[in-house]
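Single-structure report; data block below.
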Amino acid sequence: MTARTGGPAPGQHQRASYDDRQPRPNPLREGLRLERMAEPCTMVICGATGDLAERKLAPALYNCLLGGFLPPEFTVVGFARRELSDDAFADHLLEGINEFSRNRPAKPAIWQSFARGVEYHRGDFDDPEAYVELAKRLDRIDRDRGTAGNRLFYLAVPPALYPEIVNQLDAAGLASPGDRRRSGSKRGWTRVIVEKPFGSDLDSARTLNRELADVFNEEQVYRIDHYLGKETVQNLAVFRFGNGLFEPIWNRRYIDSVQITVAETVGVEGRGEFYDATGALRDIVQGHALQLMAMFAMDPPVEFHAEDLRDEKMKVLRGVKPMSPADVATNTVRGQYVSGWVEGEKVASYRDAPEVEPDSQTETFVALKLGIDSWRWAGVPFYLRSGKALPSRVTEIAVQFKQAPLALFARAGVPQIDPNVLAIRVQPDEGILLRFGAKVPGQGLQIRTVNMDFRYGSSFAVDSPDAYETLLLDAMVGDASLFTRDDEVERAWEILDPILDAWQAGAGGPLHFYGAGTWGPPAADELLERDGRAWRRP
Amino acid sequence: MNRSVPARSEELAVHRRLMRFGEAESLMTPMWEQHATSVRAIAGHLASLWDVPVGHDDGGDPLVTEKGLPHGRASVLNLLVTVVDEEAAERVVRTMVGLGVRHPSRAIVLVPQHGSDGPPIDARISTHCNDVAGGGDRVCYEEVVLTVRGEAAEHLSGIVAPLLIHDLPTHIWWPGDPPWGDPVFEQLVEMGDRVIVDSGDFTDLLGAMRRTSTLRRRSGVGDLSWERLGWWQELTAQFFDAPRFRRYLPNLSRLHVRYALPPPASRRHDEDQDVAPGTPAPMAQALLYSGWIATRLGWRRHRTIEPLAGGRLRLRLEGRHEMVDLLIEPAMTDDVRPGDLLSVRLRSLGETGAAEFIVDRDGDDAMVATNADGMTALLRRVPMESPREPELLSSQLTMDVVDRVYEDALRAAAILLASAREAAA
């Protein structure tokens, strides 16, 4: 017989209840299709009247609603300077849905019901009183709508405003999780989503991280990069670790080289001022390309959890050694487009774009050769390239495997067969392609390269969720797997800063020019030709 | 020369609705139709389908060829469907047009005609191609309709086996009332990785539920009536996702489920009618829903308050902490499909008084309300469109594991029904 350690006294009947502090799982959830239901929460959009809220956030929320992923308590509070009523703000979101959502137009009855949980809070981001009032509003929403003290702040504002906003949130007691709040709801979590760019170099990234860290714990911060919300990027882990076939050959023994391409057909398109201060290396390579590389190259995590995944990605980034100025001259190529034709349309030179300096030295194209000093990848070059005004819009990772060790068919007059290639396309035709040699039917021996082509559109012809839907839901669920951690951001800058410095000092090789509609300057081709390789033409 | 032809407009309508492709195009090759043919000839034609260029309407690209063609052949499963007559076969074919894009497959529709004279096998084969999202690509799949007569109809598995694409999962969809105990049915079930039925089609609901619960396949059993409950289950579970309401869950004391029964002599017009029209067992969904709640919350049978009569039953169940009053009753309406749920009301006794959780269907929407903690806390409107058969089937075809929650609910539903019937007897 064991001693009683708690609970009601014998014979004393108590109505059963679940402890709010440690709720048991909902037994009705077991086996249901929607396992990623967001918790009741309030999402505060700072910069709610801007483009991002209209084009991305409103459609993403509406599609999450239609999919049943949002709980009934879910509430949106728009926070911005402009004078707007709740209804006018709801109309602003509705316009975004009706124009940009993959499910559009919004169904009136459904929208009206959702819009009852939409509020607008007018205030200047530097006005402490606005945050005090916001705190009162959020407490009231917790009481009225049962949002349980859970708050998600989305900073849809330029990064320069982040410090101001997070400090004001802190001062108003809005940054702490519920159990550490000074007033109002004592329960619930607080998370903050910040948009890229995460700094413009290592120093600014560290400053930004420090400013966020002064107010939030790292586990409260969700750095969003929409590339990571794409299905194919998520499928990378499934492809590699869910199939027994690939992991054994995912190393230096079988892989000759890897190419990562992030190509855009568009030029700067009205973002001249931003882009001229940024360039391709900061805009694409720092976030998208290095993250793709890390996800491609990482070791299997112990568990499929955010911290384990990010630890493994971080190991990859640590294996990429920063370049010396001499390395920069040898292993990087930067280019800038001049006028040409893309997709049948004439494109003016970059320097003629609005808000671009006429003698701009900003790179619109970059090609890099990187290596990862690890047991798995030592000696395997990773070629990264990204650019604007290129012939086609494509993001892909292409793995070139080593040649068969013996040219067995050479005696039959067949030259060496093209190496096998596995191409993982992230956009636009998300899918996976395997290229191998096959015998042409008939007498004699003729070998031709053929493609085995899996396309998401063909096998899963359903609307994939937009990346923002996935990522917003992840943040509400508390899954940070697809968000970038502070040390990843800083490591990326540690890799790229020496390149930027060398370019700045004129020691990293010249700025090459390329015609819009071509695959970058010839120097980019020479970067691979030197190694006996060539870029894929995706 | 063969010419491709656009699929019929109603097929396109199903396809578009299912895939939300907007201007998606569905094309089919001309039917290969053979009277008195053989399995070998059918297999030969299926093998040759992908070699033969077929002219496009506009004289452009060939529609279907495997070699050097712009259109991909994708196959993810075999689907075997057995139907009672040609009319049902036509409806299956229409359903498949919508399914083909999401589940490119080889679909074999069997129409056994046991007592019929005539040649043993007639075959119709066509290839359907659909443009996929993003444009540029077209995915093609095959559809085979076999009318099998006389003695051959007793050996369907032998006819079908050589026609399956090897190494792909095989799903058996049996619209209508499965012929339990029939050797042909048993043989076909044996070939499948998963069997899909619709308990709303069961003539002997109790017997068939019990039989279904004993079927053992690698990927289990699917039930379209269960699939129809998906959104109801989701909305119900959502009530208790919030910790403050989850505490009401162990103390539920009443479950009231209303379902649709068509008024006498009413036949609802429905252009996307199910393959097995009519609903012999309209109570199936309400029972499955109740069985689901009961098994998730550990309720047990206690006694019958009102035996089954006119589609209505009332039982007393033993919850973990409360006795639970279960009431299932029909409501006459032809606004929705017979058997679909109309409303669910859950009542609970919490520490601060009674609480009620309500889902009330209103056309294509539903009002969802929570009355708890002394206030009408939440009232919202959510979409509640009845999923059509292609959508249900499509969802079921993605399942490749045994659905334990369904199996538990099915067994519980049978127990609930048996209790109400025993009392009636």
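Residue numbers (my numbering), protein chains in the order written: chain A, 1 to 538; chain B, 539 to 963. C-beta atoms are modelled at their ideal positions from N, C-alpha and C, and glycine is treated no differently.
Check: Please return the same chain residues whose Cβ sits closer than 6 angstroms to the Cβ of R425(A), not counting the five positions on each side in sequence.; Outcome: E396, G431
Check: Just how far apart, CA to CA, sit D497(A) and A277(A)?; Outcome: 15 angstroms
Check: Applying a beta-carbon distance threshold of less than 9 angstroms, which residues of chain C neighbour L835(B)?; Outcome: Included in the structure are the protein chains A and B, with no chain C among them.
Check: W711(B) CB to nearest chain A CB: under 9 angstroms?; Outcome: no
Check: Using a Cβ-Cβ cutoff of less than 6 angstroms, which residues in the same chain neighbour A367(A) once the five nearest sequence positions on both sides are dropped?; Outcome: V333, R385, A524, L527
Check: Evaluate K439(A) with the Cβ neighbour count: other Cβ atoms within 10 Å of its Cβ, from every protein chain shown; 16 or more gives buried, anything less gives exposed.; Outcome: exposed
Check: If you follow the alpha helix (DSSP H) that P928(B) is in, where does it begin and where does it stop?; Outcome: 927-935
Check: Going by beta-carbon coordinates alone, are R732(B) and G696(B) separated by less than 9 angstroms?; Outcome: no
Check: If you pair each beta-carbon of the segment 153-168 of chain A with each one of the segment 43-61 of chain A, do three or more pairs fall below 8 angstroms?; Outcome: yes
Check: Which bits of chain A does R919(B) rub up against, with CB to CB less than 8 angstroms?; Outcome: A109, I110, Q112, S113
Check: If the cut is a Cβ gap below 8 angstroms, which residues of chain A does E929(B) touch?; Outcome: Per Cβ cutoff of 8 angstroms: no residues; E929(B) is ~11 angstroms from chain A at best.
Check: Can you give the Cα-Cα distance for D902(B) and L61(A), rounded to whole angstroms?; Outcome: 21 angstroms
Check: What does DSSP give as the partner residues of R448(A) in its beta bridges?; Outcome: A438(A)
Check: Go to T470(A), then tell me how far its alpha helix (DSSP H) extends in each direction, as first and last residue.; Outcome: 467-477
Check: Between V727(B) and L753(B), which are expected to be in contact by the criterion C-beta below 8 angstroms, what is the C-beta distance as a whole number of angstroms?; Outcome: 7 angstroms
Check: What's the call for L931(B), buried or exposed, on a 16-neighbour Cβ count within 10 Å?; Outcome: buried
Check: In the DSSP output, which residue or residues are listed as bridge partners for M905(B)?; Outcome: D898(B), R919(B)
Check: Report the neighbours of A148(A) on chain B: residues whose CB is nearer than 9 angstroms to its CB, in chain order.; Outcome: A780, P781, R782
Check: Out of L955(B), A958(B), Y679(B), point me to the one whose CA is closest to S613(B)'s CA.; Outcome: Y679(B)
Check: Within 9 angstroms (strictly less), CB to CB, does A832(B) reach chain A?; Outcome: no
Check: Is the CB-CB distance between R883(B) and L793(B) below 9 angstroms?; Outcome: yes
Check: My parser needs the alpha helix (DSSP H) runs of 4 or more residues fully inside the segment 264-312 of chain A; what are they?; Outcome: 272-276, 290-297
Check: Since I606(A) sits in a beta bridge, which residues does DSSP pair it with?; Outcome: This structure cannot speak to residue 606(A), because chain A is shown only from 1 to 538.
Check: Could one say the Cβ of R206(A) lies closer than 9 angstroms to chain B's Cβ atoms, at least one of them?; Outcome: no
Check: Give me, in chain order, the residues of the same chain whose beta-carbon lies closer than 6 angstroms to that of R21(A); leave out the 5 immediate sequence neighbours on both sides.; Outcome: Per-residue confidence for R21(A) stands at a pLDDT of 44, beneath the threshold of 50, marking its modelled position as unreliable; the derived number appears in the next sentence. Cβ neighbours of R21(A) beyond the five flanking positions: none.
Check: Looking at chain B, is there any beta carbon in it that lies within less than 9 angstroms of the beta carbon of P105(A)?; Outcome: no
Check: How is P711(B) classed by DSSP in three states: helix, strand or coil?; Outcome: It should be noted that the sequence gives Trp, not Pro, for residue 711(B). Strand at W711(B).
Check: If the cut is a Cβ gap below 7 angstroms, which residues of chain B does L66(A) touch?; Outcome: P921
Check: Can you find the residues in the same chain that come closer than 8 angstroms, C-beta to C-beta, to A534(A), ignoring five residues on each side of it along the sequence?; Outcome: D525, L528
Check: Whole-angstrom Cβ separation of V549(A) and A297(A), contact assumed at under 8 angstroms?; Outcome: Because chain A spans 1 through 538 in this model, residue 549(A) falls outside it and cannot be assessed.
Check: Is any beta-carbon of chain B found at less than 9 angstroms from that of G442(A)?; Outcome: no
Check: Determine the contact status of E312(A) and G335(A), defining contact as a CB-CB distance below 9 angstroms.; Outcome: no
Check: Within the same chain, show all residues whose beta-carbon is closer than 7 angstroms to that of E343(A), passing over the 5 residues directly before and after it, in chain order.; Outcome: T265
Check: So is M870(B) buried or exposed if we call it buried at 16+ other beta carbons inside 10 Å?; Outcome: exposed
Check: With a threshold of 8 angstroms, are at least 3 pairs of Cβ atoms found where one atom belongs to the segment 325-332 of chain A and the other to the segment 499-515 of chain A?; Outcome: yes
Check: Go ahead and label F483(A) buried or exposed: buried means 16 or more other beta carbons lie within 10 angstroms of its beta carbon, across all protein chains shown.; Outcome: buried
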